[in-house]
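Asks: Counting from 1 along the sequence shown, just add 19 to a position and that's the residue number in my numbering.
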Amino acid sequence: MFDFHKNQAMNFRASVGPKLFGAENISVKFGQTQALKGIDFNLHQGEIVFLTGVSGAGKTTFLKTLGGFLEPTSGRVVRPNPRKVFTAPIFQDLKLFENQTCEQNLLSSFDPSVYKNRKEFDQDLMELARILGVNNRLDLKIKNANGGLKQKIAFMRALLTRPDVLLADEPTAALDFENARKMFDILNLYNVKQGLTVVWATHNKELAKKFTGRMVHMDKGKLIYSGHACFI
Ligand SMILES: Nc1ncnc2c1ncn2[C@@H]1O[C@H](COP(=O)(O)OP(=O)(O)OP(=O)(O)O)[C@@H](O)[C@H]1O
Ligand SMILES: [Mg+2]
C-alpha cells in the first residue's frame, strides 16, 4: 500500500479532475418537511469536500441523494456509471453486522477483481488497522465494540473496497480529534495515491476548518456557501 510515516506531511493533494457528480436544482420533501431546497452542486474528481451544517440542515439527505440512495422529489443528479466510478458510503448508522467480528465485517470488502490477490487486501487491512490502532481488537464482535471502534471499522470497510468516491456521513462523530486527524490523513493519502474523491459530512464546522478542503455549508435545506473554510 503506502508508507504512512514517509507520507505524513500532507501538504499536497491530487490535482482536481473533471466533474464527477452534478446535482441540478434538487429538492427533497418528506411529507410536509422540505429537507432539501433547490441545491446545485458539482463534485470534481480528486476533491475533498467538507459538508457542514447544524443538525437537521439536510446533510444526510443530501449525501444520500447525491449517492443515489434516495431519489430527489424534483431536480436531478447526474452521476457516473457505478461500474466506472465506484462510490462507497459510510452511513450515519454505520450498517455493520452486529453479530460478526470486526474482521468479518472488513472481509466483506474483499473483491478479487479489485485486488491482485488476497495478500494485498490483507496488507491494506493491517496497515489501516495499525494506523487507526485497532489491530488487537479485530476479533471483537461489533455488538461488543464501542462507538469509536465501530466508526473506525465502518471507515476501513468503505476504504477497503477501494472506492473512487467516498461519501462519509459523520464518520468521526464518536471520535476525538486525534482519531479524526488520523482518518483525515488516511483520506489524504488515498487522495494522493489513488485520486480518491471525498465528501465528508459533519455538524462540526470547527473540525472541518482544521482540515484542508473545500467547505460546503448547508442551512435549512439550502446550500449557502461553497469555498475555502477560512471565509466562513
Ligand atoms: N426519512 C425521513 N422522514 C421524515 N423526515 C426526515 C427524514 N429524513 C430526514 N428528515 C427531516 O429532514 C430534515 C433534514 O434531515 P437530515 O437528516 O438530512 O439532516 P442532517 O443535517 O443530516 O442532521 P444531523 O446532523 O442530525 O444528522 C430534518 O428536518 C429531518 O427531520
Ligand atoms: Mg445526518
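By construction, the Cβ of each residue, glycine as well, lies at the ideal position given by its N, Cα and C atoms.
Apart from the five residues just before and just after Thr-80, which ones in its own chain have a Cβ nearer than 6 Å to its Cβ?
Replies: Val-47, Ala-54 and Leu-55
Asks: Take Ile-205 as the anchor and find which of Ile-251, Thr-106, Arg-95 and Leu-144 has the nearest alpha-carbon.
Replies: Among Ile-251, Thr-106, Arg-95 and Leu-144, the Cα nearest to that of Ile-205 is on Leu-144.
Asks: Suppose contacts are defined by Cβ-Cβ distances below 8 Å. Is Pro-91 in contact with Gln-64 by that definition?
Replies: Result no, Cβ atoms of Pro-91 and Gln-64 do not sit closer than 8 Å.
Asks: How many whole angstroms separate the CB atoms of Val-68 and Gly-232, which I take to be in contact at a CB cut-off of 8 Å?
Replies: Their Cβ separation, rounded to whole angstroms, is 6 Å, which keeps Val-68 and Gly-232 in contact under 8 Å.
Asks: Around the C-beta of Pro-182, are 16 or more other C-beta atoms found within 10 angstroms, so that it is buried, or is it exposed?
Replies: buried
Asks: If we require 4 or more residues per run, which alpha helix (DSSP H) segments fall completely within the region 105–136?
Replies: 121–126
Asks: Between Leu-157 and Thr-120, how many whole angstroms is the CB-CB distance? I'm expecting something under 8 Å.
Replies: 7 Å
Asks: Between Tyr-209, Leu-215, Phe-40 and Asp-188, which has its C-alpha nearest Asn-72's C-alpha?
Replies: The residue you asked about is not Asn; residue 72 is Gly in the sequence shown. Of the candidates Tyr-209, Leu-215, Phe-40 and Asp-188, the one whose C-alpha sits nearest the C-alpha of Gly-72 is Asp-188.
Asks: Who pairs with Ser-74 in a beta bridge, going by DSSP?
Replies: Beta-bridge annotation (DSSP): Ser-74 is not paired with any residue.
Asks: Taking only heavy atoms of ligand 2 into account, decide whether any of them is closer than 7 Å to the Cβ of Glu-189.
Replies: yes
Asks: Under the DSSP definition of a beta bridge, which residues are partnered with Arg-233?
Replies: Val-68 and His-247
Asks: Give me whichever residues DSSP pairs with Ile-161 in a beta bridge.
Replies: Partner(s): none; Ile-161 has no beta bridge.
Asks: Using three-state DSSP, classify Val-217 as helix, strand or coil.
Replies: strand
Asks: Could you tell me if the beta carbon of Ala-148 falls within a distance shorter than 7 Å of some heavy atom in ligand 3?
Replies: Only ligand 1 and ligand 2 can be found as ligands here, which leaves ligand 3 out of the picture.
Asks: Keeping to the same chain, check which residues put their C-beta closer than 8 Å to that of Lys-114; ignore five residues upstream and five downstream.
Replies: Ala-173
Asks: So for Phe-255, helix, strand or coil by DSSP?
Replies: The structure shown does not extend to residue 255, since the chain is modelled only from 20 to 251, so the question has no answer here.
Asks: Where do the N-terminal and C-terminal ends of the beta strand (DSSP E) with Leu-185 fall, by residue?
Replies: Per DSSP, Leu-185 belongs to the beta strand (DSSP E) from 184–188.
Asks: If I follow the unbroken beta strand (DSSP E) through Leu-62, where does it start and stop?
Replies: 52–63
Asks: Cβ atoms of Thr-216 and Met-202: under 8 Å apart, would you say?
Replies: no
Asks: Taking only heavy atoms of ligand 1 into account, decide whether any of them is closer than 7 Å to the Cβ of Ser-74.
Replies: Under cutoff, so the answer is yes.
Asks: Our contact map puts Phe-129 next to Phe-116 with C-beta atoms below 8 Å; I'd like the distance itself, whole angstroms only.
Replies: Not confirmed; about 15 Å, so no contact.
Asks: Alpha carbon to alpha carbon, how far is Asn-207 from Gly-246?
Replies: Rounded to whole angstroms, Asn-207 to Gly-246 spans 19 Å at the Cα level.
Asks: Look at the alpha carbon of Gly-152 and the alpha carbon of Asp-112, and state the distance between them as a whole number of angstroms.
Replies: Cα-Cα distance, rounded: 22 Å.
Asks: Would Leu-39 pass as a contact of Leu-62 if the rule is Cβ separation under 8 Å?
Replies: yes
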